[in-house]
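Sequence positions in the sequence shown follow the numbering used here and run -1 to 209.
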Amino acid sequence: MMVIAIEKRSWSDTRRFLDQMYGLRAKVFDERLGWQVAARDGRERDTFDDLDPVYILAVTAKNEVVGCARLLPAMGQTMLLSVFPQLVSEQAFHPHARMIESSRFCVDTTTQRKGRGGLHHVTRLMFAGILEWCLSRGYTEVVTVTDIAVERILGLAGWSLHRLGPPQMVGQTTALAGVLSVDAGIFQQVRPVGYVSTFDRPAAPTSSVLS
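Next up, the structure:
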């Protein structure tokens, strides 16, 4: 199993992975969690997928997508401010060029095995993938909207979330917004044994990512 990053320039070559990703999102957010998402024909997609995001995917040896996250620059349009502004206390959120938003994070729990700290392997794999990609592009913080269960899992993995406001009910979920620090030490703490990715490592943030 490995982690891959899909950017706009490679979408045409990775369409099968994107289709599986949309299917996994529908399975998790629509079918399992019952969120009010735009699921159609077993696929979940929204307007933020039109903003040229980067997708981080966990892929098995059989080319099956079992984990995903969507990354967009925090200085642009984000789910936090566009959809969930009520989760941010006044003056608590300070986006900058080296901050990125992670959204639509999910894993296929039916394929997972538990590893170090009682965390499922794919969950830890995805955390490490997000961290490594951010490090390779010069990002220093990740902002995200999640729930208290995932906040706890992040803490168990050694990646602490700094809340931007108190938790609130969003549908049937106790949601919250927070910021995660990105550094090499956290990556080493989070990465599971046997971690493999296909990321390249530019020396500095690319202009296309930070524009």
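Don't be surprised by glycine CBs; every beta carbon is placed ideally from N, CA and C.
Locate the beta strand (DSSP E) running through Ala147, then write down its first and last residues. Taking the first residue of the sequence shown as position 1, residue 147 is located at position 149. Counting along the chain, Ala147 falls outside any beta strand (DSSP E), though it belongs to the alpha helix (DSSP H) covering Ile146 to Ala155.
Minimum length 3: unbroken beta strand (DSSP E) runs contained in the region 153 to 199: 159 to 161, 166 to 168 and 171 to 179
With C-beta atoms as the reference, is Gln187 less than 7 Å away from Gly156? Stepping through the sequence shown from its first residue, residue 187 is reached at position 189. Stepping through the sequence shown from its first residue, residue 156 is reached at position 158. Taking 7 Å as the Cβ cut-off, Gln187 and Gly156 qualify as a contacting pair.
For the alpha helix (DSSP H) containing Ala56, name the first residue and the last one. Sequence index remark: in the sequence shown, residue 56 carries index 58 (1-based). Not the alpha helix (DSSP H): Ala56 falls in the beta strand (DSSP E), residues Val52 to Val57.
Can we say the region 137 to 151 touches the region 166 to 178, given the rule of at least three CB pairs closer than 8 Å? yes
Report yes if the C-beta distance between Phe197 and Glu139 is below 7 Å; otherwise report no. In the sequence shown, counting from the first residue as 1, residue 197 sits at position 199. In the sequence shown, counting from the first residue as 1, residue 139 sits at position 141. Not closer than 7 Å, so no.
Smallest Cα separation from Val105: which of Ile2, Phe82 and Met124? As a first step, residue 105 must be located in the sequence shown, where it is residue number 107. Of the candidates Ile2, Phe82 and Met124, the one whose C-alpha sits nearest the C-alpha of Val105 is Met124.
Let me know if Asp48 comes out buried or exposed under the rule of 16 or more other beta-carbons within 10 Å of its beta-carbon. On the sequence shown, position 50 is the one that residue 48 refers to. Exposed.
Rounded C-alpha distance that separates Ser195 from Ile2: Taking the sequence shown and counting its residues from 1, the one referred to as residue 195 is at position 197. Taking the sequence shown and counting its residues from 1, the one referred to as residue 2 is at position 4. So the two alpha carbons sit approximately 6 Å from each other.
Work out the CA separation of Leu154 and Val63 for me, nearest whole Å. By 1-based counting over the sequence shown, the position of residue 63 is 65. By 1-based counting over the sequence shown, the position of residue 154 is 156. Going by the C-alpha atoms only, they are around 24 Å apart.
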